[in-house]
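Number of protein chains: 2
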Amino acid sequence: MTAPRKPTAQKHGTAKKPARSRIQTRNRQIILEAALEVFSNNGFRGATLDQIAVQAGLSKPNLLYYFDSKEAIHRDLLTRLLDTWLDPLRMLDPRGDPQTEILAYMRRKLDMSRAYPRESRLFANEILQGAPRIETFIRTELRLLVDEKACLFQAWADAGRIARVDPYHLIFSIWAMTQHYADFAAQIDMIRDDGQEPHAGAEAFLEHLYTRLLTP
Amino acid sequence: MTAPRKPTAQKHGTAKKPARSRIQTRNRQIILEAALEVFSNNGFRGATLDQIAVQAGLSKPNLLYYFDSKEAIHRDLLTRLLDTWLDPLRMLDPRGDPQTEILAYMRRKLDMSRAYPRESRLFANEILQGAPRIETFIRTELRLLVDEKACLFQAWADAGRIARVDPYHLIFSIWAMTQHYADFAAQIDMIRDDGQEPHAGAEAFLEHLYTRLLTP
DNA sequence: ATCAACTTTGACCATCCAGTCAAGAAGCAT
DNA sequence: ATGCTTCTTGACTGGATGGTCAAAGTTGAT
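Chains as they are written, first to last, in the numbering used here: chain A, 3 to 218; chain B, 3 to 218.
Below, the structure is given as structure tokens:
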């Protein structure tokens, strides 16, 4: 009569690594992949466990063997995403050439939105709903990093190494421009329905744009 | 024993104006306003008729007296939105000064996203889900208009009146930049949580950006 | 081979939610 | 006031959906 213990259930308190079996790592991975597909296309409320189960090729109770709830799957997905979300900005080197660094940042963001459009849409969905689940992440980690880099941009501008622009809006503009190609891909595809991928031509355009903007 | 006739129910075929009473116009308006609030914050699947009913101060069956279904409310909202969505681009005057015209277009879009953030989020939600309900609108009306204006921009560029930039990406960039301030307002607010509205400073920044970009 | 722990699932439950209905309340033209 | 139409709503229904459970199947260390 041992109480059934779900592999993910951490006995309260200490949050140690669950020490997962091969099957567990594999199936959790499969579920997250399926859930990403479903959540990014339908939003949290629009997604159903049944859809995710079908997509994953597992039964619904099986999903709930690996994750405590629909919420838990979503949370896990978001957490993993946020982990890498900041990398492109983090990599920006204060000692590098200002214009080169900012252009490279833009390119990394664009590459990311091309390589991970589903992650971008998952994030967009979350923000659109008012960012309820990632509010603290935004208010702390993201904000800190943005403040830091905005400060750097300001210094570069003050030193005359890039044009005088509001550093926050500069960052927002890079987010807007790059994520747009993932988040609004449906619209872009329908407008130029040559079979080209939505990002085609974006890099050249954005390079030109930011070069023009930043050259002192 | 007259069959009950909902005010919105059009007897099949000819789609005449329903000829609405004062109460009908008023309540339909109230419902649409409430639905906009709820749909834009929660997406279609995330919104419930009960929420809309509470927001509108009406009972749920009363909602369904004025609209055939949840879908119908949403459809009506989208239709009204799309009607005005194209106006800023339509107003762009081929005979005006190129740079002034494009800057003015950007400003109109920005004003729109500031004045109607809920509409912007409703639209964004729809596109994020793959634009299922507005596919024909995008493929026909929007596309036609974009093609037309892109052509114009190309001509302007060819004539050396603005810098050489891909006209489609130019339009996409204006959409991305302006709508970002409405759609991602939650994020922007959390990053600079001085009480400023998300659009603060955006106009100056974008004017600078597009002036730099377009000056030949 | 054996057995305990791990994994899988069919059947089921409770809740939520869009939509119905019939009966009553409010408007309004006369 | 009268009587017809338009509005309004409490109570209900059926289907979808997140989540549970007990029993059956599988795995792997010994």
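Glycine residues also receive a C-beta, built at the ideal position from the N, C-alpha and C atoms.
Please read all numbers here as calculations on a predicted model, not as lab measurements.
At least three beta-carbon pairs within less than 8 Å, the segment 125 to 145 of chain A to the segment 194 to 207 of chain A: no
Three or more C-beta pairs below 8 Å linking the segment 179 to 198 of chain A and the segment 156 to 170 of chain A: no
Euclidean distance between Cα positions of A/L216 and A/V167: 8 Å
Beta-carbon neighbours of A/D168, restricted to chain B and to distances below 7 Å: G203, F207
Buried versus exposed call for A/I25 [16 or more other C-beta atoms within 10 Å across all chains shown]: exposed
Cα-Cα separation between B/P63 and B/A106, rounded to whole angstroms: 45 Å
Whether A/S122 touches A/D78 by CB criterion (9 Å): no
Backbone CA spacing between B/H171 and A/I104 [nearest angstrom]: 20 Å
Cβ of B/R30 within 9 Å of any chain A Cβ: no
Status (buried if at least 16 other CB within 10 Å, exposed otherwise) for A/G45: buried
Pick from A/L130, A/M108, A/F69 that is closest to A/L91, judged by C-alpha positions: A/M108
Alpha helix (DSSP H) runs wholly inside the segment 65 to 126 of chain A, at least 4 long, in chain order: 72 to 87, 89 to 92, 100 to 117
is_contact[A/F186, chain B] using C-beta, thresh 9 Å: yes
Through-space distance from B/I173 to A/L211, alpha-carbon basis: 13 Å
Local conformation of A/F139 per DSSP, three classes: helix
Residue burial classification, B/E199 (beta-carbon count within 10 angstroms, cutoff 16): exposed
Any chain B beta carbon closer than 9 Å to A/D99: no
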